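Numbering (the working numbering), first residue to last: 111 to 523.
Ideal placement from N, C-alpha and C gives every residue a C-beta, glycine not left out.
Please read all numbers here as calculations on a predicted model, not as lab measurements.
Below is one structure, written out as structure tokens; comments come after it.
Set out below in structure tokens:
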């Protein structure tokens with residue numbers, strides 16, 4: 111009886127009440143459209159390195175870098191962009207969350223967006239491709255050409271790509287959207303080469319129609335036609351200061367230096383079966399590649415031949431100088447590329463590829479060599495060891511040429 115009396119007098123257990131109900135004085139119905147409230151919600155600001163405000167977010171303390179970037183797609187987007195989010199000395203990366211790096215309500219974080227090293231390839235398959243040079247991944251394919259693409263080069267600010275195509279046109283692509291924004295028409299034969307002026311305001315093209323042309327980048331207007339070659343013009347480029355232009359033709363065996371403002375030919379360099387020509391970084395020397403299995407270095411003012419680089423067993427299809435002007439890089443039909451010392455003419459390194467070399471260029475810092483081959487790939491090499499460090503696969507026909515972007519994209523200002 112006593113136990114029964116105690117059971118009757120014991121008060122009933124208190125009902126379980128959610129924390130939010132206790133705090134507000136009682137439970138409250140929540141509509142389906144109303145988001146759940148998290149006690150870990152905080153207000154954060156994202157700033158550029160300059161201090162400029164980029165975004166303000168209502169964030170959860172559990173957010174990682176991916177979650178933050180998903181809320182700012184217009185800022186953190188890009189071609190495999192490298193995004194860094196910094197809170198003081200702490201970095202939001204990997205498994206780190208806003209809470210783990212110490213961010214609280216009102217925190218100001220800095221956002222740094224930069225692109226990896228980029229390179230472009232041009233192929234007989236009618237496409238130009240953009241690659242992450244660090245990862246070896248294709249990040250963009252630019253289509254719309256009606257024939258083989260012979261050349262693909264970046265604008266000085268890396269925001270655009272210029273191509274030269276078998277369909278007699280050069281095309282300008284916006285790399286953010288991938289759209290072709292301008293077509294340069296006027297040649298009467300395939301456009302073999304295309305290049306930007308150093309300031310990006312002009313475009314230079316070379317064609318099988320025996321001419322080279324200078325165009326306004328912004329309007330696509332042809333402002334000058336350079337005539338004088340007696341055969342197809344295979345290469346064309348501006349000098350580093352933009353005051354001169356260089357072309358070459360194998361049929362007439364010459365490279366020619368021009369004043370692009372007047373279309374006057376300033377100097378002619380003659381060599382047997384000349385296939386390509388390039389200027390030194392300071393514009394004082396001209397380097398040519400020839401069918402006689404050599405590359406030659408010339409004085410751009412006097413026209414004198416200063417040195418010959420001999421050792422290839424077949425015609426030399428391309429020749430360029432290193433950014434510091436101390437080395438020469440050649441590619442040949444003998445399935446090799448070679449690195450030479452400018453002062454001595456000595457061959458320093460040989461890069462061999464069974465696919466057959468079509469071109470070879472230096473990276474902007476000179477620490478890598480990029481070659482294109484007839485077996486549909488481009489390859490990155492270590493010039494010190496001579497070893498291939500990366501193969502870029504994706505084209506369906508052989509790769510005609512390749513180019514590095516001038517440098518990494520600048521961080522968000």
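**Q.** Selection from 232, 314, 254 that minimises the alpha carbon distance to residue 508
**A.** The count along the chain shown starts at 1 and reaches residue 508 at position 398. Just measuring C-alpha positions, the residue of 232, 314, 254 sitting nearest residue 508 is 232.
(Q) Taking a contact to mean a Cβ-Cβ separation below 8 Å, would you say residue 397 touches residue 410 in this structure? (A) Walking along the chain shown from the start, residue 397 turns up at place 287. Walking along the chain shown from the start, residue 410 turns up at place 300. No, the Cβ-Cβ distance between residue 397 and residue 410 is not below 8 Å.
Q: Could you spell out where the beta strand (DSSP E) holding residue 301 opens and where it closes?
A: The sequence position of residue 301 within the chain shown is 191, counting from 1. Per DSSP, residue 301 belongs to the beta strand (DSSP E) from 301-306.
Q) Short check: CB of residue 534 to CB of residue 336, under 8 Å? A) Lying outside 111 to 523, the shown extent of the chain, residue 534 is not represented and no answer is given.
Q) Any idea which residues DSSP pairs residue 467 with across the strands? A) The sequence position of residue 467 within the chain shown is 357, counting from 1. Looking at the DSSP assignment, residue 467 forms a beta bridge with 483.
Q. Anyone know if the C-beta pair for residue 316 and residue 294 falls short of 8 Å?
A. The residue given as residue 316 occupies position 206 in the chain shown. The residue given as residue 294 occupies position 184 in the chain shown. Residue 294 is positioned such that its CB atom lies no closer than 8 Å to that of residue 316.
(Q) Please classify residue 501 as buried or exposed, where buried requires at least 16 other C-beta atoms within 10 Å of its C-beta. (A) Walking along the chain shown from the start, residue 501 turns up at place 391. In this structure residue 501 is exposed. Its beta-carbon is surrounded by fewer than 16 other beta-carbon atoms within 10 angstroms.
Q. What are the boundary residues of the alpha helix (DSSP H) that includes residue 453?
A. Taking the chain shown and counting its residues from 1, one reaches residue 453 at position 343. Segment: none, residue 453 is in no alpha helix (DSSP H) and carries neither H nor E.
Q) Across which residues does DSSP place residue 406 in a beta bridge pair? A) Residue mapping note: residue 406 aligns to position 296 of the chain shown, counting from 1. Its beta-bridge partners are 398, 418.
Q. Does residue 431 have its Cβ less than 8 Å from a Cβ in chain C?
A. Going by chain labels, chain C is absent from the structure shown, which holds only one protein chain.
Q. Helix, strand or coil: how does DSSP classify residue 201 here?
A. As a working note, residue 201 is residue 91 in the chain shown. If DSSP states are grouped into helix, strand and coil, residue 201 belongs with the strands.
Q | Spatial distance of residue 467 from residue 421 (CA atoms) | A | What you label residue 467 is simply residue 357 of the chain shown in a count that begins at 1. What you label residue 421 is simply residue 311 of the chain shown in a count that begins at 1. Each residue's alpha carbon lies about 15 Å from the other.
Q: Taking only the alpha-carbon atoms, compute the straight-line gap between residue 442 and residue 388 and give it to the nearest angstrom.
A: In the chain shown, the residue the question calls residue 442 occupies position 332. In the chain shown, the residue the question calls residue 388 occupies position 278. Answer to the nearest angstrom: the Cα atoms are 16 Å apart.
Q: Output the distance between the C-alpha atoms of residue 492 and residue 373, rounded to the nearest integer angstrom.
A: Taking the chain shown and counting its residues from 1, the one referred to as residue 492 is at position 382. Taking the chain shown and counting its residues from 1, the one referred to as residue 373 is at position 263. The straight-line gap separating the alpha-carbon atoms of residue 492 and residue 373 is approximately 40 Å.
Q: Evaluate the contact criterion for the segment 191-205 versus the segment 477-485: three or more CB pairs, one atom per stretch, below 8 Å.
A: With contact defined as three or more Cβ pairs closer than 8 Å, the segment 191-205 and the segment 477-485 are not in contact.
Q) What is the C-beta distance between residue 273 and residue 255, in whole angstroms, given that I count them as a contact (C-beta under 8 Å)? A) Locating residue 273 in the chain shown gives position 163, where the first residue counts as 1. Locating residue 255 in the chain shown gives position 145, where the first residue counts as 1. Indeed, because the Cβ distance is near 7 Å, the residues count as touching under 8 Å.
Q. Buried or exposed: residue 311, going by 16 or more other Cβ atoms within 10 Å of its Cβ?
A. Along the chain shown, read from residue 1 onward, the residue named residue 311 stands at position 201. With a 10 Å radius around the Cβ and a threshold of 16 neighbouring Cβ atoms, residue 311 comes out exposed.
**Q.** Three-state class that DSSP yields for residue 247 in the structure shown
**A.** By one-based count along the chain shown, residue 247 stands at place 137. Three-state DSSP puts residue 247 in a strand.
Q.
Using CA atoms only, rank isn't needed, just tell me which of 265, 222, 152 is closest to residue 160.
A. Taking the first residue of the chain shown as position 1, residue 160 is located at position 50. Closest option to residue 160, Cα to Cα, is 222.
Q. Using the beta-carbon count (16 or more within 10 Å), is residue 278 buried or exposed?
A. If you number the chain shown from 1, residue 278 lands on position 168. Buried, since its Cβ has 16 or more Cβ neighbours within 10 Å.
Q | Burial state of residue 416, where buried means 16 or more other Cβ atoms lie within 10 Å | A | Counting from one through the chain shown, the residue named residue 416 turns up at place 306. Per the 10 Å Cβ criterion, exposed.
Q | C-alpha distance - residue 299 paired with residue 321, whole-angstrom precision | A | Against the chain shown, residue 299 aligns to sequence position 189. Against the chain shown, residue 321 aligns to sequence position 211. Residue 299 and residue 321 have their C-alpha atoms some 9 Å from each other.
Q) Short check: CB of residue 440 to CB of residue 470, under 8 Å? A) To locate residue 440, count along the chain shown from 1; it is residue 330. To locate residue 470, count along the chain shown from 1; it is residue 360. Their beta carbons are under 8 Å apart, which means residue 440 touches residue 470 by this criterion.
Q: Kindly examine the ligand NAD and report whether one of its heavy atoms sits closer than 7 Å to the Cβ of residue 473.
A: For the ligand NAD, the structure offers nothing, since it holds no ligand at all.
Q: Tell me whether residue 116 sits in a helix, a strand or coil according to DSSP, three-state version.
A: Within the chain shown, residue 116 is the residue found at index 6, counting from 1. Low confidence applies to residue 116: its pLDDT is 44, below 50, so where it sits in the model is not reliable, and the reading given next is rough at best. If DSSP states are grouped into helix, strand and coil, residue 116 belongs with the helices.
(Q) Tell me the DSSP secondary structure of residue 286 in three-state form. (A) Residue 286 sits at position 176 when you count from the first residue of the chain shown. In this structure, residue 286 counts as coil in the three-state DSSP scheme.
Q | Residue of 444, 456, 185 minimising C-alpha distance to residue 464 | A | Counting from one through the chain shown, the residue named residue 464 turns up at place 354. Out of 444, 456, 185, 444 has the C-alpha closest to the C-alpha of residue 464.
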